[in-house]
Structure formats: structure tokens, C-alpha cells
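Residue numbering for the sequence shown is 1 to 247, as defined by the working numbering.
A virtual CB, placed ideally from N, CA and C, is assigned to each residue, including glycine.
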Amino acid sequence: MYTVKMSQTVTQRPWVVIPTYNERQNIGQLIDGLLALPVPNLMILVVDDHSPDSTGEKVQSYKDTDRVHLLDTGARIGFGASYQRGFDYAVEHKASAIIHMDADLSHDPVAVPDLIAGLADADVVIGSRYTNGISIVNWPMIRLFISLGANAYARIVTGLTARDTTSGFRAWRSDALTKTNYQAMKVDGYGFLIAMLFAAHRNGSSIAEVPIVFTERQAGKSKMSKRIMFESFLLVLKLRLNPPARS
Numbered sequence: 001m002y003t004v005k006m007s008q009t010v011t012q013r014p015w016v017v018i019p020t021y022n023e024r025q026n027i028g029q030l031i032d033g034l035l036a037l038p039v040p041n042l043m044i045l046v047v048d049d050h051s052p053d054s055t056g057e058k059v060q061s062y063k064d065t066d067r068v069h070l071l072d073t074g075a076r077i078g079f080g081a082s083y084q085r086g087f088d089y090a091v092e093h094k095a096s097a098i099i100h101m102d103a104d105l106s107h108d109p110v111a112v113p114d115l116i117a118g119l120a121d122a123d124v125v126i127g128s129r130y131t132n133g134i135s136i137v138n139w140p141m142i143r144l145f146i147s148l149g150a151n152a153y154a155r156i157v158t159g160l161t162a163r164d165t166t167s168g169f170r171a172w173r174s175d176a177l178t179k180t181n182y183q184a185m186k187v188d189g190y191g192f193l194i195a196m197l198f199a200a201h202r203n204g205s206s207i208a209e210v211p212i213v214f215t216e217r218q219a220g221k222s223k224m225s226k227r228i229m230f231e232s233f234l235l236v237l238k239l240r241l242n243p244p245a246r247s
């Protein structure tokens, strides 16, 4: 476990941003796990990409607590745009730190305090599957090889030093996230996460990693596809050839 004492500044009002599409089977368990954490003032924002499976209705069942917020996009806008709206919402609500994670229970909420604690010494903290060897449960070997190869490729091409550049489980100081100029990124899919990390690296933000255990989803359908992987591959090249301006 990460043992650095939590910074009072970043724990004043941390927000967890969770993009969803057809995650009704998982979102309730995730919200319950987050609400049970010993993190004062932790706020939860679910950005639902107009799911047809009533994910939003499940989130609305928590309306009696002011710690759970729902933002429905009104129409399908995609992964990256959902994150952009969620980050805007958290920043507008004076978030001191912003954590983002997947809704499918692959990211264990018990790791959230460790990520927040890491912000005492870094601007960005990645929940990493690859800092303590390989910490992944229930992945087929082919998917593991693809992930390891994608991370090695991203590091070589972009100069990023993080072991897990594609992790969707991260904590940001609010000012570091804003400096990435994420609002201007025209990227969808998981490439959006790589683009944000690369922008943080270019801006001189300090990036740290803490170990997590990643568990493959047990319910619902994965959003990963060959198209998304190919687009992410091309994006890394574009970042190298046409890097974003430094803030």
C-alpha cells in the first residue's frame, strides 16, 4: 500500500469521474465501494453516454446522497468527449483532485486513497498494472501481450517513462489536469488517456505510479475493439510528429 501522508490541499474536495455506457450491472457496486472509502468529502460523478440499458436510472437511485452526481450526455458522444464533460464538471465544482476510473469493476475502489496519497509528491498518479511485475487477473495471454506491447510502443515513441501509459485509473491535481488543455483534444477512445498523459509530460508535470491489481470485468461487454486499438496506435505517432503546445 502507498504510505505517503495525504496532502491536505488535494483532499479538500476530490472528485471521482466515471464514464459509463451500458454499465448498469456494475455501477451500483462501484458507487457503493467508493462511498464506503475513508476519504472525507469524496464526490462521485458518473458521466453516462446516454446508455440504453438504464445505467443512468441506477445512478439516480443514489439521489438521496449529495455525494453522487449524474451527468447524462443526452446523445452518444464517445469516451473522450464524456471525459471532457466530466472533467469540466469537476473543475467547475472546485475539485481539488480528480480521479478517473473505469465503471466495470476492473479498477478496485480501495486503491483510490493510495492514488490520492501519491498526489502529495506528484501532479499525476497512475494506478499501474506493471510496477510490481504484472498485476492482472483473468486476462488471456494475447491481450496481455498486446497491452505490454502497446505500452512499450508508447514509451519509445513519446518518451514517456511510466510503465503503464494506457491505464485508465489515475489521479490528477486539478491544476495539472487543466494545464493539459484536455478540452481541445480531438481524440476518442483510450487514445484520449495517452494524449492527456503526454500533454502532462510535455508541460513538466511530475508523474508517479502506484501498484494496483486489475481484474477483468465479470459482467457486461468490453468497449475495447480493433478499431480503437488501431486509432490509438496512430495517435501515438501523431503525438510524436505533431506534439501539443506546452502550457
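Handout entry: Stretch-stretch touch, CB-based, cutoff 8 Å, three pairs: the stretch 83-96 with the stretch 59-68
Key = Segments in contact, no.
Practice task
Using the Cα positions of R129 and P211, report the straight-line distance between them to the nearest angstrom.
Solution key: For the pair R129 and P211, the Cα-to-Cα distance works out to about 6 Å.
Practice task
Report the three-state DSSP secondary structure of L71 (helix, strand or coil).
Solution key: L71 falls in the strand class under three-state DSSP.
Exercise for the section: State the DSSP-derived secondary structure class of D121, mapped to helix, strand or coil. Expected result: D121: coil per DSSP, three-state reduction.
Practice task
Could you name each continuous beta strand (DSSP E) segment of 3 residues or more that falls completely within the stretch 166-202, going from the start of the chain to the end?
Solution key: Taking only runs of at least 3 residues, the beta strand (DSSP E) segments lying wholly in the stretch 166-202 are 170-173.
Practice task
Figure out for me which residue from D48, S135, W172, A154 has the closest Cα to the Cα of A120.
Solution key: Looking at D48, S135, W172, A154, the one whose alpha-carbon comes closest to that of A120 is W172.
Exercise for the section: Give the straight-line distance between the Cα atoms of W139 and G118, rounded to the nearest whole angstrom. Expected result: Cα-Cα distance, rounded: 27 Å.
Practice task
Could you work out which residue in G74, I27, D49, V16 is closest to L42 when comparing CA atoms only?
Solution key: Out of G74, I27, D49, V16, V16 has the C-alpha closest to the C-alpha of L42.
Problem - Cα-Cα separation between R76 and Y21, rounded to whole angstroms - result: Rounded to whole angstroms, R76 to Y21 spans 9 Å at the Cα level.
Exercise for the section: State whether the stretch 101-111 contacts the stretch 19-38, with contact taken as three or more CB pairs (one from each stretch) at a distance under 8 Å. Expected result: By the Cβ criterion, the stretch 101-111 is in contact with the stretch 19-38, since at least three pairs of Cβ atoms, one from each stretch, lie closer than 8 Å.
Exercise for the section: Can you grab the Cα-Cα spacing for the pair K96 / V110, in whole Å? Expected result: It should be pointed out that residue 96 corresponds to Ser in this sequence rather than to Lys. Approximately 20 Å between the Cα atoms of the pair.
Handout entry: Three-way DSSP call (helix, strand, coil) for L234 in this model
Key = Under the three-state reduction of DSSP output, L234 falls in the helix class.
Problem - Residue from I18, G127, L234 with nearest C-alpha to L34 - result: Ranking the options by Cα distance to L34, first place goes to I18.
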